[in-house]
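Data block below; observations after.
In the working numbering, the protein residues as written are 628 to 734.
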């Protein structure tokens, strides 16, 4: 899915579940979730959209009309220090409500 397709869905009152994943301290990817499948948001050339900050990613989604997004940050802490995999989640997940972009009064 690309931004144009996402905007089109939103205009038809179809709001897909969206997630922003923190991959690195300065790489954030946006995914659409359908059931248990994640599909990356892509640019017009078919490449995954990459953002340098969580704010940049949320601003992009806000412009498409998306109102709610889950922010996901997975931790590799246990893996890095040699602990066995725990049964608990190793990710931080936060639901973020996005406000509508402000419209300019300039004519």
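Where a beta carbon is used, it is the ideal one built from N, C-alpha and C, also for glycine.
When rounded, the separation of the alpha-carbon atoms in residue 629 and residue 674 is 9 Å. Residues of the same chain with a CB within less than 8 Å of the CB of residue 725, apart from the 5 flanking positions on each side, are 685, 688, 689, 693, 694, 695 and 696 in chain order. Rounded to whole angstroms, the gap between the alpha carbons of residue 721 and residue 632 is 25 Å. Here DSSP, grouped into helix, strand and coil, assigns residue 649 to strand. Around the beta-carbon of residue 642, fewer than 16 other beta-carbon atoms lie within 10 Å, marking it exposed.
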